[in-house]
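Trainee: So the protein sequences, as listed, match chains F and H. Quick note: to get my numbering, add 170 to the position in the first sequence (first position is 1). Quick note: to get my numbering, add 170 to the position in the second sequence (first position is 1). Glycine residues also receive a C-beta, built at the ideal position from the N, C-alpha and C atoms.
Protein chains: 2
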Amino acid sequence: MNVLIVGANGQIGQHLVDVLKEEGKHTPVAFVRKEEQVKQFEDKGVEARLGNLEESVSSIKEQMSDIDAVVFTAGSGGSTGYDKTLLIDLDGAVKTVEATKASGIDRFVMVSAFQADDRDKWNEDMKPYFVAKHFADMWLMDSSLNYTVIRPGLLENEDSIGTVLASDSMTDPDSYSIPRVDVAKVIAASLDNEATYKQSFDLVTGKDNIKDALNKL
Amino acid sequence: MNVLIVGANGQIGQHLVDVLKEEGKHTPVAFVRKEEQVKQFEDKGVEARLGNLEESVSSIKEQMSDIDAVVFTAGSGGSTGYDKTLLIDLDGAVKTVEATKASGIDRFVMVSAFQADDRDKWNEDMKPYFVAKHFADMWLMDSSLNYTVIRPGLLENEDSIGTVLASDSMTDPDSYSIPRVDVAKVIAASLDNEATYKQSFDLVTGKDNIKDALNKL
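#1: Would you tell me roughly how many angstroms separate the C-alpha atoms of Lys271(H) and Gly245(F), rounded to the nearest one?
#2: Taking the runs of the beta strand (DSSP E) that are 3 residues or longer, which of them lie wholly in the segment 183 to 224 of chain F?
#3: Just mark Asp344(F) as buried or exposed, buried being the case when its beta carbon has 16 or more other beta carbons within 10 Å.
#4: According to DSSP, is Thr341(H) part of a helix, a strand, or is it coil?
#5: From Gln210(F) to Ile380(F), what does the alpha carbon distance come to, in whole angstroms?
#6: Give me whichever residues DSSP pairs with Pro322(F) in a beta bridge.
#7: Express the C-alpha separation of Val264(H) and Met311(H) in angstroms, rounding to a whole number.
#8: Closest to Leu391(H) by CA distance: which of Val334(F), Val351(F) and Val301(F) is it?
#9: For Leu378(H), which beta-bridge partners are listed by DSSP?
#10: Is it the case that the segment 265 to 285 of chain F contacts the segment 227 to 244 of chain H, given that we only count it when at least three CB pairs across the two stretches are under 8 angstroms?
#11: From Phe197(F) to Val173(F), what does the alpha carbon distance come to, in whole angstroms?
#12: Quick check: is the beta carbon of Arg289(F) nearer than 9 angstroms to any beta carbon in chain H?
#13: Three-state secondary structure (DSSP) at Met280(F)?
#14: What are the residues of the segment 307 to 335 of chain H that lie near chain F, defined by any Cβ-Cβ distance shorter than 9 angstroms?
#15: Does DSSP put Leu174(F) in a helix, in a strand, or in coil?
#16: Please list, in chain order, the chain H residues whose beta carbon lies closer than 7 angstroms to that of Lys297(F).
#17: Report yes or no: is there a C-beta of chain H within less than 9 angstroms of the C-beta of Phe305(F)?
#18: Indicate the three-state DSSP secondary structure (helix, strand or coil) for Ala239(H) in the structure shown.
#19: With distance defined between alpha-carbon atoms, name the residue in Ala218(H), Gln369(H), Leu220(H) and Lys254(H) nearest to Glu294(F).
#20: Taking the alpha carbon of Phe278(H) as the reference point, which residue from Leu315(H), Thr333(H) and Gly177(H) has its own alpha carbon closest?
#21: What are the boundary residues of the beta strand (DSSP E) that includes Ser347(F)?
#22: Identify which residue in Ala218(H), Gly177(H), Ile275(H) and Val227(H) has its Cα closest to the Cα of Gly247(H).
#23: Going by DSSP in three states, Tyr367(F) sits in which element: helix, strand or coil?
#24: Taking contact to mean 3 or more Cβ pairs, one atom from each stretch, closer than 8 angstroms, check whether the segment 369 to 380 of chain H and the segment 332 to 341 of chain H are in contact.
#25: Report the neighbours of Gly251(H) on chain F: residues whose CB is nearer than 8 angstroms to its CB, in chain order.
#26: Report the residue from Ala269(H), Ile320(H), Glu326(H) and Leu325(H) whose alpha carbon sits nearest the alpha carbon of Ala358(H).
#27: So which residues of chain H does Asp390(F) contact, with C-beta pairs closer than 7 angstroms?
#28: Is the beta carbon of Glu225(F) closer than 9 angstroms to that of Ala200(F)?
#29: Counting contacts by CB-CB distance shorter than 9 angstroms, is Val227(F) in contact with chain H?
#30: With DSSP as the reference, please indicate the residues paired to Tyr317(H) in a beta bridge.
#31: Since I believe Tyr252(F) is in contact with Tyr252(H) (beta carbons under 8 angstroms), could you give me their beta-carbon distance rounded to a whole number of angstroms?
#32: In the DSSP assignment, find the unbroken alpha helix (DSSP H) run with Lys265(H) in it and report its ends.
#33: With DSSP as the reference, label Glu328(H) as helix, strand or coil.
#34: Need the endpoints of the alpha helix (DSSP H) that Met308(F) sits in, please.
#35: Under DSSP, the alpha helix (DSSP H) around Ser229(F) begins and ends at which residues?
As structure tokens, then:
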């Protein structure tokens, strides 16, 4: 499959490009916001397309030709305000879902946030962010797309551990964190794993290898 | 009907309480955030209930006993940040919808924003606000409730004009504004007007009396 990675220049996105290239099963296509990012990916031999989540659905759709699956791992990040949370994390995600549908693409993997499905568990300081992620997830799950919603725990930059726990309702896991590279590996492993179709789940470091963890969903 | 007005202390909310009292057909019940606001309404002979849209769905639901219709006209306002836009205008509205459903109440009138249904028409500076209103509206319209979504134009504090234009897709109206008191009158007139059931529409000052304008929907 040709996999469009929306937010390819983010930390998880960059790992995902590398994981897909290494595995060789699917072809990553980077969706990025800046010309210089296009060049950076092209220098690595990865096709890159220029797009902006603040633009229209049709302009996003223009970057989806010959794409078989879309991964949304973009985010406005911690250094911008909640205006961008509304525009990127919520509306940008939903516009990407709409563009995917309009393109006739069926497969969509969303990178969400830990326990974004359950208001009662939202950290007080981060609540507005969880609102945005929650409604983007709900929008996707309510669409006709074949979705997977991955809600990783605290993201860390350490090396791959390679074993995870994935569950739709997680209580008291041994770990609440996960290396970003392992999130990328789970995305890659989810793309054509039927056990993840129309599933949403929290994801942290755990005891199972990734394939086994996903097959338990 | 007993009509719970969420945001009764806002400018449209206060007009709506007065309009309903004057008309005498329905009974307003004010849903407000502060103890002193409860007292202000009670002093005017209006039942008031204390609730907070940042609290849980079940705590909002607790204020919905003996209620037949819910009007949502709350907003975080221009003096707070977009964190509150996410928490109140979006999640607070959706939690109110969920509490309404959980209470077995069928009728819900949402006060939205002019052309919140159409991304292409959103004012650049106000875009994050429109994102929040748009998704709250969509959530309501996608629920099983008997909704009316009213999207008024520029809100003014002048006296009632009393004639309006209501349309689901408005292009080039004579006026882009409407007195807040006329929005309140349209809400009141919508409550049990079947022509407004499961309808959403832009609303500005126009040429028809309110009943005729609504019956044209």
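Mentor: A quick look at the data gives this:
#1: Within the second sequence, numbered from 1, the residue matching residue 271(H) stands at position 101. Within the first sequence, numbered from 1, the residue matching residue 245(F) stands at position 75. Rounded to whole angstroms, Lys271(H) to Gly245(F) spans 32 angstroms at the Cα level.
#2: Counting only runs of 3+ residues, the beta strand (DSSP E) found wholly inside the segment 183 to 224 of chain F occupies 197 to 202 and 217 to 220, in chain order.
#3: Your numbering for residue 344(F) matches position 174 in the first sequence. By the neighbour-count rule (16 or more Cβ atoms within 10 Å), Asp344(F) is not buried but exposed.
#4: Numbered from 1 along the second sequence, position 171 holds the residue referred to as residue 341(H). DSSP, reduced to helix, strand and coil, places Thr341(H) outside both helices and strands of the structure shown, so it counts as coil.
#5: Counting from one through the first sequence, the residue named residue 210(F) turns up at place 40. Counting from one through the first sequence, the residue named residue 380(F) turns up at place 210. Approximately 30 angstroms, taken between the alpha carbons.
#6: Position 152 of the first sequence, counting from 1, holds the residue named residue 322(F). Looking at the DSSP output, Pro322(F) sits in a beta bridge with Leu373(F).
#7: If you number the second sequence from 1, residue 311(H) lands on position 141. If you number the second sequence from 1, residue 264(H) lands on position 94. Each residue's alpha carbon lies about 11 angstroms from the other.
#8: Nothing can be reported for residue 391(H): it is not among the residues displayed for chain H, which extend from 171 to 387.
#9: Reading the second sequence from its first residue, position 208 is the one you call residue 378(H). The question names Leu, yet the displayed sequence has Asp at residue 378(H). Answer is Val334(H).
#10: Touching, no, given that fewer than three Cβ pairs across the two stretches are closer than 8 angstroms.
#11: As a position in the first sequence, residue 197(F) is number 27, starting the count at 1. As a position in the first sequence, residue 173(F) is number 3, starting the count at 1. It should be pointed out that residue 197(F) corresponds to Thr in this sequence rather than to Phe. Roughly 6 angstroms separates the two Cα atoms.
#12: Translated into the one-based positions of the first sequence, residue 289(F) becomes position 119. Flagged as an interface residue toward chain H: Arg289(F), by a C-beta distance shorter than 9 angstroms.
#13: By one-based count along the first sequence, residue 280(F) stands at place 110. Met280(F): strand per DSSP, three-state reduction.
#14: Those would be Met308, Trp309 and Asp312, in chain order.
#15: As a working note, residue 174(F) is residue 4 in the first sequence. Note: Leu174(F) maps to strand in three-state DSSP.
#16: Position 127 of the first sequence, counted from the first residue, corresponds to residue 297(F). The answer, in chain order, is Leu257.
#17: For the purposes of this step, residue 305(F) is taken as residue 135 along the first sequence, with counting starting at 1. It does: the Cβ of Phe305(F) has a partner Cβ on chain H nearer than 9 angstroms.
#18: What you label residue 239(H) is simply residue 69 of the second sequence in a count that begins at 1. Looking at Ala239(H) - three-state DSSP - the assignment turns out to be strand.
#19: Sequence index remark: in the first sequence, residue 294(F) carries index 124 (1-based). Comparing Cα-Cα distances from Glu294(F) to each of Ala218(H), Gln369(H), Leu220(H) and Lys254(H), the minimum goes to Lys254(H).
#20: For the purposes of this step, residue 278(H) is taken as the residue at position 108 of the second sequence. Checked all of Leu315(H), Thr333(H) and Gly177(H); the closest Cα to Phe278(H) is Leu315(H).
#21: As a working mapping, residue 347(F) is identified with position 177 in the first sequence. Ser347(F) -> beta strand (DSSP E) spans Ser347 to Pro349.
#22: The count along the second sequence starts at 1 and reaches residue 247(H) at position 77. For Gly247(H), the closest alpha carbon among the candidates Ala218(H), Gly177(H), Ile275(H) and Val227(H) is that of Gly177(H).
#23: Along the first sequence, one-based indexing puts residue 367(F) at 197. Tyr367(F) falls in the coil class under three-state DSSP.
#24: Yes, they touch.
#25: Looking up residue 251(H) in the second sequence gives position 81. Those within 8 angstroms of Gly251(H) in chain F are Gly251 and Tyr252.
#26: Taking the second sequence and counting its residues from 1, one reaches residue 358(H) at position 188. Proximity to Ala358(H) across Ala269(H), Ile320(H), Glu326(H) and Leu325(H) peaks at Ile320(H), based on C-alpha coordinates.
#27: One cannot answer for residue 390(F) here, as it falls past the ends of chain F, which runs 171 to 387.
#28: Mapped onto the first sequence, residue 200(F) falls at position 30. Mapped onto the first sequence, residue 225(F) falls at position 55. Against a cut-off of 9 angstroms, the Cβ pair of Glu225(F) and Ala200(F) comes out as no contact.
#29: Position 57 of the first sequence, counted from the start, is the residue given in the question as residue 227(F). With 9 angstroms as the cut-off, Val227(F) counts as an interface residue toward chain H.
#30: Counted from its first residue, the second sequence places residue 317(H) at position 147. Phe278(H), per the DSSP bridge assignment.
#31: Counting from 1 along the second sequence, the entry for residue 252(H) is found at position 82. Counting from 1 along the first sequence, the entry for residue 252(F) is found at position 82. Contact holds; Cβ gap of about 4 angstroms.
#32: The count along the second sequence starts at 1 and reaches residue 265(H) at position 95. Run containing Lys265(H): Ala263 to Ala272, per the alpha helix (DSSP H) assignment.
#33: Reading the second sequence from its first residue, position 158 is the one you call residue 328(H). Glu328(H): coil per DSSP, three-state reduction.
#34: Position 138 of the first sequence, counting from 1, holds the residue named residue 308(F). It spans Lys297 to Met311 - the alpha helix (DSSP H) in which Met308(F) sits, taken as one unbroken run.
#35: Position 59 of the first sequence, counting from 1, holds the residue named residue 229(F). That run of the alpha helix (DSSP H) goes Val227 to Lys231.
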